[in-house]
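Everything on this sheet refers to the single structure shown next.
In this note's numbering, the protein residues as written are 35 to 526.
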């Protein structure tokens, strides 16, 4: 069986953790990249996303907790002569209220369809609504209002988030019986609804519904639905199961992996630290005649970066350039971080200059990576000198930057300078990370400044820098260490 790889578009570059607790996101300005391939926008977290579909006139928000439209729908109902009072507990329609509103529409048949659909949409959006209740309301509309002619979008409202496979099949059969055979848009809504359910095997349930649609209605899922399912398989199943699933879809539906699919799987194997497989998938990508982009290479670079060998990160970076793919700021930030954390700060600085020559402006991630490398080498003063340099270039230091410097100063036992930097952190209301907090507490206690240590503890708790349990346990451990050190004459 031929293996394939995957792609996650719309996905922010995964964070790389600095040792000092600073979270390195290679591209903080692009937290969510949306793809416009084939008109589809791919969200990295499709299960929880709120997706509006404009297909066939259907606007469906898959986030039932978003009550933004309920008020407008209530006003719409009142304009049509129907007053509906939401339940005071939830602020949404109860089933009995909705049924009463439907009954009152019998005296106004001209507005029945539009008002009934608005009512159905409002009720389906209510947090307390269940699929069975929505079906009951819909069935009541069909029985009570002879003039009610539901549109395709009305049927799509029956696919609530977390619907079971049986509920989805019930909605599909109801659609077909009323002259609306399911189409790829319907398949997409149904699949996403089922995958967000609490079923023991939601992905398998979604695939079974997809098979039903193909057999009964000859529906072939679009690329968006296909890649969404591949992503879901990666989350819940083994790599071999994912490969088997992709092969199954190729054989049964003629769906072949594209660049998005390959990146999904490459990201999946990189997350599991199987970099050899990621490299193999990259070669397979070339053999399939698909040209990888910077995102694919960045994913692999990130994977090697987490394992440590900067030389491998550099090799992938050079291969990307050899293949005619221009590195972006994410590529450079990942490389700078990899080189810096392995003690190659001079090489990292060289690539920062290359980055600037190519028109990329170093950001807080770039400078924080360099500072982290310098602190690891003991050159804390050099790291401090970068602070005014980055500010002079219009790059504002962030919490990660200050935590990295604070950690480095404490490690180098420059406590007075650390206290000055801590004052800046307080003034800017930045949070402390766990590494700098623990190191700072120990440095203060080592120098007999226990009261200052308690002040730092209070600041960490007040700003919710850490979970309270972590803040307390770290302080307790530090004080125990101090008592033991004093008993041994190691500190004053």
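Glycine included, each C-beta is placed from N, C-alpha and C at the ideal position.
Cβ-Cβ separation, residue j to residue i (assumed contact under 8 Å), whole Å
{"i": "residue 300", "j": "residue 283", "result": "With 8 Å as the limit, residue 300 and residue 283 do not qualify as a contact, their Cβ atoms being about 18 Å apart."}
{"i": "residue 27", "j": "residue 179", "result": "Residue 27 is absent from the model: the chain starts at 35 and stops at 526."}
{"i": "residue 396", "j": "residue 429", "result": "7 Å"}
{"i": "residue 574", "j": "residue 151", "result": "Because the chain here runs from 35 to 526, residue 574 falls outside it and cannot be looked at."}
{"i": "residue 365", "j": "residue 403", "result": "Contact doesn't hold; Cβ gap of about 13 Å is too wide."}
{"i": "residue 266", "j": "residue 229", "result": "5 Å"}
{"i": "residue 240", "j": "residue 263", "result": "7 Å"}
{"i": "residue 487", "j": "residue 479", "result": "5 Å"}
For residue i, three-class secondary structure by DSSP
{"i": "residue 290", "result": "coil"}
{"i": "residue 411", "result": "coil"}
{"i": "residue 228", "result": "helix"}
{"i": "residue 284", "result": "helix"}
{"i": "residue 335", "result": "helix"}
{"i": "residue 308", "result": "coil"}
{"i": "residue 93", "result": "Confidence at residue 93 is low in this model, with a pLDDT of 36, below 50, so its placement is unreliable and the value that follows should be read with caution. Three-state result, residue 93: coil."}
{"i": "residue 459", "result": "helix"}
{"i": "residue 447", "result": "coil"}
{"i": "residue 73", "result": "With a pLDDT of only 35 at residue 73, under 50, the local geometry of the prediction cannot be trusted, and the value read off the model is given with reservation. If DSSP states are grouped into helix, strand and coil, residue 73 belongs with the helices."}
{"i": "residue 191", "result": "coil"}
{"i": "residue 182", "result": "coil"}
{"i": "residue 222", "result": "helix"}
{"i": "residue 209", "result": "helix"}
{"i": "residue 400", "result": "helix"}
{"i": "residue 511", "result": "helix"}
{"i": "residue 392", "result": "coil"}
{"i": "residue 245", "result": "helix"}
{"i": "residue 362", "result": "coil"}
{"i": "residue 133", "result": "helix"}
{"i": "residue 506", "result": "helix"}
{"i": "residue 253", "result": "coil"}
{"i": "residue 169", "result": "helix"}
{"i": "residue 164", "result": "coil"}
{"i": "residue 524", "result": "coil"}
Buried versus exposed call for residue i [16 or more other C-beta atoms within 10 Å across all chains shown]
{"i": "residue 511", "result": "exposed"}
{"i": "residue 270", "result": "exposed"}
{"i": "residue 222", "result": "buried"}
{"i": "residue 149", "result": "buried"}
{"i": "residue 392", "result": "exposed"}
{"i": "residue 498", "result": "exposed"}
{"i": "residue 387", "result": "exposed"}
{"i": "residue 524", "result": "exposed"}
{"i": "residue 426", "result": "exposed"}
{"i": "residue 414", "result": "buried"}
{"i": "residue 320", "result": "exposed"}
{"i": "residue 326", "result": "buried"}
{"i": "residue 275", "result": "exposed"}
{"i": "residue 541", "result": "Residue coverage of the chain in this structure runs from 35 to 526, which leaves residue 541 outside it and unanswerable."}
{"i": "residue 141", "result": "exposed"}
{"i": "residue 502", "result": "exposed"}
{"i": "residue 398", "result": "buried"}
{"i": "residue 333", "result": "buried"}
{"i": "residue 341", "result": "exposed"}
{"i": "residue 343", "result": "exposed"}
Heavy atom of the ligand HEM within 7 Å of residue i beta-carbon
{"i": "residue 432", "result": "In terms of ligand content, the structure shown is empty, and the ligand HEM therefore cannot be addressed."}
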